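Structure first, commentary second.
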Amino acid sequence: MNDATLSLDTARDALIERGLARLRSASADADILLADARYADRVSRVIAASDFALETLRRQPDLLVALLHDDGAAPWPAPPLTSDNATQWPERLRRYRAAESTRLVWRDVHGLDTVDDTLAGTTRLAEVCLQTALEALEAEFAQRHGVVRAADGSVQRLVVFGLGKLGGGELNFSSDIDLVYAYPQGGESDGARPLAAEDYFMRLGQRLAKLLDEPTVDGFCHRVDLRLRPFGNAGRVALSFAGMDQYFQREGRDWERYAWLKARAVAGDIEAGEGWLESLRPFVYRRYLDYTALDGLREMKAAIAAEVARRELADDIKRGPGGIREIEFLVQALQLIRGGREAALRERRLRVALPALVAARQMSAEEGDALAAAYRFLRRLENRLQMLRDAQTHALPEDALDRHRIAVGLDYPDWDALRAALEVQRARVSAEFAELLAPRQRDAVPGALALYWRALPEGGDMDTLAASGFQEAASADGALREFAQFSGVRALSDASRARLDRVVPALLEACAQSSQPDAALRRVLSLLQAILRRASYLALLDEQPSALGRLVDVLARSALLSERLAHYPLLLDELLDTRVSGPMPDRPELRGECEAALVEDDPETCLRVLNERRLALSFRVALAALDGRQSARDSVRQLAWLADEVVRIVVQVATRDVAASHGVVAEGRFAVIGYGSMGGEELGFGSDLDLVFLFDAPAGAESDGTRPLEAGRWYARLAQKIVALLGAVTAAGRLYDVDVRLRPDGAKGLLVSSLASFSEYQRERAWTWEHQALVRARGVAGDDSLLQAFEDIRTATLARPREAGALRDEVNRMRTRMRTELDRSDIARFDLKQGAGGLVDLEFLIQYLVLRDAAAQPALLSPRATPGLIAALATEGALSAEQASALEAVHATFVAEGLACTLDRRPRLVVENAALATARAVVMRTTAAHGLAFDAM
Numbered sequence: 014m015n016d017a018t019l020s021l022d023t024a025r026d027a028l029i030e031r032g033l034a035r036l037r038s039a040s041a042d043a044d045i046l047l048a049d050a051r052y053a054d055r056v057s058r059v060i061a062a063s064d065f066a067l068e069t070l071r072r073q074p075d076l077l078v079a080l081l082h083d084d085g086a087a088p089w090p091a092p093p094l095t096s097d098n099a100t101q102w103p104e105r106l107r108r109y110r111a112a113e114s115t116r117l118v119w120r121d122v123h124g125l126d127t128v129d130d131t132l133a134g135t136t137r138l139a140e141v142c143l144q145t146a147l148e149a150l151e152a153e154f155a156q157r158h159g160v161v162r163a164a165d166g167s168v169q170r171l172v173v174f175g176l177g178k179l180g181g182g183e184l185n186f187s188s189d190i191d192l193v194y195a196y197p198q199g200g201e202s203d204g205a206r207p208l209a210a211e212d213y214f215m216r217l218g219q220r221l222a223k224l225l226d227e228p229t230v231d232g233f234c235h236r237v238d239l240r241l242r243p244f245g246n247a248g249r250v251a252l253s254f255a256g257m258d259q260y261f262q263r264e265g266r267d268w269e270r271y272a273w274l275k276a277r278a279v280a281g282d283i284e285a286g287e288g289w290l291e292s293l294r295p296f297v298y299r300r301y302l303d304y305t306a307l308d309g310l311r312e313m314k315a316a317i318a319a320e321v322a323r324r325e326l327a328d329d330i331k332r333g334p335g336g337i338r339e340i341e342f343l344v345q346a347l348q349l350i351r352g353g354r355e356a357a358l359r360e361r362r363l364r365v366a367l368p369a370l371v372a373a374r375q376m377s378a379e380e381g382d383a384l385a386a387a388y389r390f391l392r393r394l395e396n397r398l399q400m401l402r403d404a405q406t407h408a409l410p411e412d413a414l415d416r417h418r419i420a421v422g423l424d425y426p427d428w429d430a431l432r433a434a435l436e437v438q439r440a441r442v443s444a445e446f447a448e449l450l451a452p453r454q455r456d457a458v459p460g461a462l463a464l465y466w467r468a469l470p471e472g473g474d475m476d477t478l479a480a481s482g483f484q485e486a487a488s489a490d491g492a493l494r495e496f497a498q499f500s501g502v503r504a505l506s507d508a509s510r511a512r513l514d515r516v517v518p519a520l521l522e523a524c525a526q527s528s529q530p531d532a533a534l535r536r537v538l539s540l541l542q543a544i545l546r547r548a549s550y551l552a553l554l555d556e557q558p559s560a561l562g563r564l565v566d567v568l569a570r571s572a573l574l575s576e577r578l579a580h581y582p583l584l585l586d587e588l589l590d591t592r593v594s595g596p597m598p599d600r601p602e603l604r605g606e607c608e609a610a611l612v613e614d615d616p617e618t619c620l621r622v623l624n625e626r627r628l629a630l631s632f633r634v635a636l637a638a639l640d641g642r643q644s645a646r647d648s649v650r651q652l653a654w655l656a657d658e659v660v661r662i663v664v665q666v667a668t669r670d671v672a673a674s675h676g677v678v679a680e681g682r683f684a685v686i687g688y689g690s691m692g693g694e695e696l697g698f699g700s701d702l703d704l705v706f707l708f709d710a711p712a713g714a715e716s717d718g719t720r721p722l723e724a725g726r727w728y729a730r731l732a733q734k735i736v737a738l739l740g741a742v743t744a745a746g747r748l749y750d751v752d753v754r755l756r757p758d759g760a761k762g763l764l765v766s767s768l769a770s771f772s773e774y775q776r777e778r779a780w781t782w783e784h785q786a787l788v789r790a791r792g793v794a795g796d797d798s799l800l801q802a803f804e805d806i807r808t809a810t811l812a813r814p815r816e817a818g819a820l821r822d823e824v825n826r827m828r829t830r831m832r833t834e835l836d837r838s839d840i841a842r843f844d845l846k847q848g849a850g851g852l853v854d855l856e857f858l859i860q861y862l863v864l865r866d867a868a869a870q871p872a873l874l875s876p877r878a879t880p881g882l883i884a885a886l887a888t889e890g891a892l893s894a895e896q897a898s899a900l901e902a903v904h905a906t907f908v909a910e911g912l913a914c915t916l917d918r919r920p921r922l923v924v925e926n927a928a929l930a931t932a933r934a935v936v937m938r939t940t941a942a943h944g945l946a947f948d949a950m
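When the letters of the sequence shown are read in order and numbered with this note's numbering, they come out as residues 14 to 950.
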């Protein structure tokens, strides 16, 4: 320990002794207590940390007694403010605030509270003071002016919104409080001296601010800042909710999104305030990934940096480099970018938002932990700076003794040690913040393609495109010139045009390096035309250069995904989602994603959200298939699972809707059965759903609503609603096309069948091909007991003994007829699905064997998907091990070829290669071995 430190220790000890002497002289009880060395030591630590606490303990001696008794284990009760003691309101509030703040100092200094506890305690104190003061003033105003009533007679109350750290529940020790006043509806008070709502709440708000803020001999209660209200100091003190809505729709600025992200109703009509904040959510959080938020952040950061430089605030731990504000900005920016899509990120509290960002993979766990540690370090230091003299300061002290008091109070040997620890934390924060706002990486000298783009539409040389790798340079040049003159490009704002001029050259470079430069360019231009009016998507491409390469790679390799991106730009979000390259979601995860739509009460909104989830999830499946990260068969199975979950949700929405109009059918049951590729868990991109609807209800049953329906009509209405919702066009497109022709009696039959009629139809009237279809049918959604009843009917139907020769003839006739009508093969190309030796031939072979053998081999009835059916047929001896292995490989080949065609928007007509020739030969050889001849009548 050096001489300077010894000298400062001596000065600190002298300061403590003077403080103890002041307390002893203030109260006989204090004099007695402080004679005990244990008590004197505890009080000494508080004196060393806070002149403010010392002064409060001197003024309120009973407080010292209470703190020494139980260390302030519980908050002090709020003071009663009544009409009888109105003149004492300012004093009572200020003494209460000082006492409770001193309790927080005591507990912090003695390590009884964490920094999180202190921030929460300071926030609670401000809320109690606000609520106590407002309730007293409301009673006074009601006595004088009555209460405000809207046109419908309902009582209107002031709503006090807390912004900033008050809203976030993380108020620092001596912070001011950022308030905005509002009220639900206009009207007039009903007292002897009535006031219009606007005047009433303006006066009430002004009185509230004065009661808390005005300095008296007892100091202040809380400094109140009303400048964050609409239009700032030029705006009205209090606005109706309608006025607030109008402001944010017309005038809301980027920085206000950051401010209102933390907003919370803290006093007055809290329930109404929270309801209104929910309606403000679309202003704060945009529906899609919103990288425009970074522009607002850059502007705010630049303004603060200029202020720091101008006022020499480098030692300001809030606004200076690596300070509290940078952590807040970083977290809030990431929240604003993704919060519209991920509800878990809509969090007011920074300490909770950080782990949510980690869980959403927006930062690593290490980064999250480091920022959380830095935040707590800085907030604890900030509190100690303010506890010293109850000053709203964030600057490191210049006085050597003040520095020493703070350092020792935070368990550092001296100021240099504390300063070194502070610099470590600030450096980490600065690095993280700089990475978020890193300047966009562009070439210092524009490349040839950048110069070409800038010269358009008048200049530019197509040879530049040819030299860069575009095979159809003339066509590409024409398309780019046309795009440069596109009305949407000319209408861009200066900021958006600047973004476009940065993005297009980068996209051209990526296209030139892709596997199909010309195709990629055509698809890029289609996408750009679709997103020009969406500033957030241009911002995404501008702010995330890594997304450009990924985007062009996808566009070059998949016409289907290119088309979907152009139609639904929200899918661009998926390219930045780190989950897109991770493990694919399992069935429970798919269910959870789809069920998130059910939180929306409005059916139209629910459908849109559900469709957005479906689009995003199917896009992830497509990318995994395109990249070869999972097999085609895994992909089509996941698409079928996704369709299952979508149908489940739609059934719930439709049921809710029909029940609202007609009530429910007591003891009624309903089920949805999936046939075809959905039932067989082999659904492609864009496939329709083959559905059959069943119901069961007691005889004569009808619904119990005000407009009752007979059970059959009720369930017919439900089925119609399900089909309509699945096919309804939303902003995110439609969910699925539905094919209901596989129901009993086909197009001539009822849309929904009773369980009894379905059973009778399958037993008495169904064609062999309908029993074949039943092989892959499975329950998808609805009542569990009815789904089991369907399984029982299916089992009884498929397990019926059949004469093999007659069955074989029926299957041959049906397949031959289908081949004649549907096979599109020609001399050069093979129809993967309907061609000879193709996928349908394989399916008919499997269905024939199941129908032939199920009576004796019930194990054949469990599988629905082709791989499972092949395995079961091998186990039961219907196929040899060699045949089963070969057919398994054939099926994988057909599904992979078909999926590749779909992803590139090609018909499933392919030039036969060696693998396909082998696969076809296996199918034709195996069908022949079992007596099936699909080419002969």
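Quick reminder that beta carbons are idealized off the backbone N, C-alpha and C, glycines included. Nothing here was measured: the structure is a model prediction, and the numbers come from that model.
Pick from the options: whose alpha carbon is nearest that of residue i?
| i | options | result |
| --- | --- | --- |
| residue 89 | 134, 58, 62 and 130 | 134 |
| residue 357 | 472, 375, 63 and 829 | 375 |
| residue 271 | 339, 237 and 586 | 339 |
| residue 655 | 385, 696 and 665 | 696 |
| residue 875 | 253, 616 and 787 | 787 |
| residue 762 | 778, 749, 747 and 750 | 778 |
| residue 268 | 403, 639 and 297 | 297 |
| residue 745 | 807, 732 and 617 | 617 |
| residue 632 | 598, 767, 848 and 671 | 598 |
Suppose the cutoff is 7 Å on Cβ atoms and the five residues either side in sequence are ignored; what does the same chain contact list for residue i look like?
| i | result |
| --- | --- |
| residue 24 | 414 |
Thinking residue i and residue j are a contact (beta carbons under 8 Å), I'd like their distance in whole angstroms, please.
| i | j | result |
| --- | --- | --- |
| residue 362 | residue 183 | 6 Å |
| residue 174 | residue 277 | 7 Å |
| residue 706 | residue 685 | 6 Å |
| residue 853 | residue 827 | The pair is not a contact, with the Cβ atoms about 10 Å apart (cut-off 8 Å). |
| residue 138 | residue 113 | 5 Å |
Go to residue i, then tell me how far its beta strand (DSSP E) extends in each direction, as first and last residue.
| i | result |
| --- | --- |
| residue 813 | That residue, residue 813, is in no beta strand (DSSP E); it is neither H nor E in DSSP. |
| residue 193 | 190-196 |
Please report the residue range of the alpha helix (DSSP H) in which residue i lies.
| i | result |
| --- | --- |
| residue 706 | Here residue 706 belongs to no alpha helix (DSSP H); instead the beta strand (DSSP E) covers 702-709. |
| residue 388 | 378-402 |
| residue 549 | 548-556 |
| residue 739 | 724-740 |
| residue 647 | 645-675 |
| residue 911 | 894-916 |
| residue 279 | It is not in any alpha helix (DSSP H) - residue 279 instead sits in the beta strand (DSSP E) that spans 277-281. |
| residue 365 | 363-372 |
| residue 682 | Unbroken run through residue 682 is the beta strand (DSSP E), 682-688; no alpha helix (DSSP H). |
How would you label residue i, buried or exposed, when you count the other beta carbons within 10 angstroms and need 16 or more for buried?
| i | result |
| --- | --- |
| residue 780 | exposed |
| residue 896 | buried |
| residue 476 | exposed |
| residue 586 | buried |
| residue 690 | buried |
| residue 42 | exposed |
| residue 456 | Reliability fails at residue 456, whose pLDDT of 48 lies under 50, so the model's placement of it is uncertain and no value is given. |
Which residues in the same chain as residue i place their Cβ atom closer than 6 Å to its Cβ, once the five residues preceding and following it in sequence are excluded?
| i | result |
| --- | --- |
| residue 345 | 271 and 274 |
| residue 933 | 850 |
| residue 756 | 705 and 762 |
| residue 682 | 709, 796 and 799 |
Between residue i and chain B, is any beta-carbon pair separated by less than 7 Å?
| i | result |
| --- | --- |
| residue 381 | Absent from the structure is chain B; it holds one protein chain and no more. |
Quick one: what's got a C-beta closer than 8 Å to residue i's C-beta in the same chain, skipping five residues either side?
| i | result |
| --- | --- |
| residue 423 | 393, 394, 397 and 431 |
| residue 106 | 92, 94, 142, 145, 146, 224, 225 and 234 |
At a cut-off of 6 Å, would you count residue i as near the ligand GDP, judging by its Cβ distance to the nearest heavy atom?
| i | result |
| --- | --- |
| residue 673 | You won't find the ligand GDP in this model; it holds no ligand whatsoever. |
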